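Engineer: Under the numbering used here, the first residue of the sequence shown is numbered 46, with each subsequent residue one higher.
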Amino acid sequence: MTSLIKNLLMVDAPTARRRYLITLALLVLATLAVCLASGNQLRYHDERDYVELAIRLAQGQGYVLADGTPTALRPPGYPFLLAPLMALAEAPLLAKLLNVIFLAGFVVVLQRTVAKVTPQTAWMAPLFVLAYPMLVYTAGTAYPQVVCTALFLCIIYLTLHHASLRVLAGAGLLYGVLMLVSPSFQLLAPLFAIAPWTVKPGNWSSRLVRVVVFYVAGACVVAPWVARNAVVMHALIPISSNGGNNLLLGNSAHTTANSGTDVDLREQYAVGDQLDEVAQNRYYQSEALKWMREHPSDALVLYVQKAINYFNYQPNLSNAGERTNWQAVLIAVTYYPLLAIVLIRLAFWRRVPLSRTEVVLTAFYFINGLLAAIFFTRVRFRIPFDGLLMALAAMALGHAGRLWAQGRR
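Structure (structure tokens):
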């Protein structure tokens, strides 16, 4: 046992680098195999929407539905990323191959993030991803989760470890892109002020300038899309017009902790189908808020249940044909050990104080669960944040290895 711990947690730099490169190569090959196996197949409704929007953009039709109606129902970031690929060939496989690139980029940033705290376990970054097949599986779909995972950690890394205004402006631009890919990251905007504020050196005024630069850069990315919606949709739509539907899915008489999108809303949808996209969004939002006002105790209980469900292992796939017991078991046996390692590490925060990086990553991970529960929680939405959990677990093992080397078993 002692030799195994030394072999994993206490390796010299050349060995660590060699292991890192070998494991990264294995991860890329495994993800490529998953993507090639799925080919141009699109299993889920959301995938088809993203790819079809990207194809219409590539054809010069604009961001429109199949009948040519302008839309803001789906966030635009991912389709715009896919559009140049669809201009080359209208093949969903290209979207999946793009995910492979972003996954490799995520591993590189993950390794550097861990190295800032526990260099001896940074080589394990691709190993953690390999041991979390849900992320590899998602890379084989035309979903934006892998893109979000890479962008999210990259933004945190840049804002935590770089004081340059130019770098923080770049991080802000990436944050703008991230919000366009997944609007739920708007909820985390206040938390993103933490990282630039903690960068040293500098007094409070210089740190405040860094925060302002970060947010202004992000706003510059989002602003053109907001302006487009104001002109084309004749409404103030920050990013997506699907927020009302998501709020209703998470707050209704038929919603449960893990119901996801499988909620009986036939009565509301019968009315919504008669409205245009903007009016529909407002109607769904008003219906959700109405139910919460009329059932405050039920809404509070449901909120707590959804917050707990943030840590669930049930994938709750929208496509019933894709639901299998082995997927739930696989998620459970790969997710809960990661979570347990992090929780054990947090329990020893007095004995081993948390680094700035660990504090920020922990705050993002757990506060996101509270914010996501305002709408609804599901495994797929948690994937970008599980990347933070991998970083925290690797750091925890690094601390354990250091204590072991000091004889503090």
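Here a beta-carbon is modelled for each residue, glycine too, at the ideal position from N, C-alpha and C.
In this text, all values refer to a predicted model and were calculated from it rather than measured experimentally.
Starting from MET131, trace the alpha helix (DSSP H) both ways and give me its first and last residue.
Structural biologist: Per DSSP, MET131 belongs to the alpha helix (DSSP H) from 122-133.
Engineer: Could you name the residues of the same chain whose beta carbon sits closer than 8 Å to that of ALA344, not counting the 5 residues immediately before and after it, in chain order?
Structural biologist: Closer than 8 Å at Cβ, skipping near neighbours: ASN296, TRP336 and MET337.
Engineer: Any contact of the region 253-267 with the region 290-308, i.e. 3+ C-beta pairs under 8 Å?
Structural biologist: With a cut-off of 8 Å, the region 290-308 and the region 253-267 do not count as touching, because too few Cβ pairs lie within range.
Engineer: Could you tell me which residues DSSP puts in a beta bridge with VAL109?
Structural biologist: Bridge partners of VAL109: PRO115.
Engineer: Can LEU71 and PRO171 be called in contact, C-beta distance under 9 Å?
Structural biologist: Contact: yes.
Engineer: Mind checking whether THR163 and MET435 have CB atoms under 9 Å apart?
Structural biologist: For THR163 and MET435, no; Cβs fall outside 9 Å.
Engineer: Please classify GLU339 as buried or exposed, where buried requires at least 16 neighbouring CB atoms within 10 angstroms.
Structural biologist: So GLU339 counts as exposed.
Engineer: What residue does the alpha helix (DSSP H) around SER209 start on, and which one ends it?
Structural biologist: Where SER209 is concerned, there is no enclosing alpha helix (DSSP H), given that its DSSP letter is neither H nor E.
Engineer: What does the Cβ neighbour count give for ALA365, buried or exposed, with the cut at 16 atoms within 10 Å?
Structural biologist: Here the model assigns ALA365 a pLDDT of 44, short of 50, so the residue's position is not dependable, and the following value carries that caveat. Looking at its Cβ environment, which holds fewer than 16 other Cβ atoms inside 10 Å, ALA365 is exposed.
Engineer: Run through DSSP, which three-state label would VAL257 get?
Structural biologist: Three-state result, VAL257: helix.
Engineer: Rounded to a whole number of angstroms, what is the C-alpha to C-alpha distance between GLN325 and TYR355?
Structural biologist: Near 28 Å, if we compare the C-alpha coordinates of TYR355 and GLN325.
Engineer: Rank GLN156, ALA176 and GLN231 by C-alpha distance to the C-alpha of CYS193 and give the top, closest one.
Structural biologist: The shortest C-alpha separation from CYS193 is found at GLN231.
Engineer: Exposed or buried, TRP371, counting other C-beta atoms within 10 Å across all chains shown (16 or more means buried)?
Structural biologist: By the 10 Å Cβ count, TRP371 comes out exposed.
Engineer: Reducing DSSP to helix, strand and coil, say where TYR358 ends up.
Structural biologist: In the structure shown, TYR358 sits in coil (DSSP, three-state: anything other than H, G, I, E or B).
Engineer: On a CA-only basis, which of HIS444, ARG101, ALA132 and ALA385 is nearest SER400? Give me that one, please.
Structural biologist: It is HIS444 whose Cα lies nearest to the Cα of SER400.
Engineer: For GLY215 and SER250, what's the separation of their Cα atoms in angstroms?
Structural biologist: One C-alpha to the other measures close to 20 Å.
Engineer: Can at least three beta-carbon pairs, one atom from the region 300-320 and one from the region 263-277, be found at a separation below 8 Å?
Structural biologist: With the cut-off at 8 Å, the region 300-320 and the region 263-277 do not touch.
Engineer: Assign PRO171 to one of three DSSP states: helix, strand, or coil.
Structural biologist: Here PRO171 sits in helix by DSSP.
Engineer: Using a Cβ-Cβ cutoff of less than 6 Å, which residues in the same chain neighbour LEU383 once the five nearest sequence positions on both sides are dropped?
Structural biologist: If we look at LEU383 and ignore the five residues flanking it on each side, its Cβ neighbours are LEU434 and ALA438.
Engineer: Are the CB atoms of VAL56 and GLN165 within a distance shorter than 9 Å?
Structural biologist: Yes.
Engineer: Alpha helix (DSSP H) containing TRP371: first to last residue?
Structural biologist: Where TRP371 is concerned, the enclosing alpha helix (DSSP H) stretches over 370-392.
Engineer: Could you please give the first and the last residue of the uninterrupted alpha helix (DSSP H) stretch that includes PHE411?
Structural biologist: From DSSP, the alpha helix (DSSP H) with PHE411 extends over 401-417.
Engineer: Could you check the C-alpha separation between PRO121 and GLU97 for me, to the nearest Å?
Structural biologist: So the two alpha carbons sit approximately 12 Å from each other.
Engineer: How many Å lie between GLY263 and TYR328 at the Cα?
Structural biologist: Roughly 29 Å separates the two Cα atoms.
Engineer: Is the region 133-146 close to the region 204-214, with three or more CB pairs under 8 Å?
Structural biologist: Because the criterion of three Cβ pairs below 8 Å is not met, the region 133-146 and the region 204-214 do not touch.
Engineer: Can you give me the C-alpha to C-alpha distance between PHE426 and GLN190, rounded to a whole angstrom?
Structural biologist: Rounded to the nearest angstrom, the two C-alpha atoms are 7 Å apart.
Engineer: Under 9 Å, do ALA160 and ALA149 count as touching if we go by C-beta distance?
Structural biologist: Result no, Cβ atoms of ALA160 and ALA149 do not sit closer than 9 Å.
Engineer: If you run the structure through DSSP and keep just helix, strand and coil, what is ASN364?
Structural biologist: With a pLDDT of 48 at ASN364, under the threshold of 50, the modelled position of that residue is not reliable, and no figure is offered here.
Engineer: Tell whether a beta-carbon distance below 9 Å holds between THR186 and TYR123.
Structural biologist: Taking 9 Å as the Cβ cut-off, THR186 and TYR123 do not qualify as a contacting pair.
Engineer: State the DSSP-derived secondary structure class of ARG396, mapped to helix, strand or coil.
Structural biologist: ARG396: coil per DSSP, three-state reduction.
Engineer: Mapping the DSSP letters down to three states, classify THR422 as helix, strand or coil.
Structural biologist: Three-state result, THR422: coil.
Engineer: Skipping 5 residues on each side, what residues in its chain have a beta carbon closer than 6 Å to that of ALA195?
Structural biologist: So the list reads PHE147, GLY150 and PHE151, once near-sequence residues are dropped.
Engineer: So, under 8 Å CB-CB, LEU118 and SER331 are touching, yes? Tell me the CB distance rounded to an integer number of Å.
Structural biologist: That belief does not hold up - the Cβ atoms of LEU118 and SER331 are roughly 18 Å apart, past 8 Å.
Engineer: Count the other CB atoms within 10 Å of the CB of ARG390; is the residue buried (16 or more) or exposed (fewer)?
Structural biologist: Buried: at least 16 other Cβ atoms inside 10 Å.
Engineer: Mind checking which residues open and close the alpha helix (DSSP H) that includes PHE151?
Structural biologist: Here the alpha helix (DSSP H) through PHE151 covers 137-160.
Engineer: Roughly how far, in whole angstroms, is the beta-carbon of ALA455 from the beta-carbon of LEU281, given that I think they are within contact range, below 8 Å?
Structural biologist: Because the chain in this structure spans residues 46 to 454, residue 455 falls outside the shown range and cannot be described.
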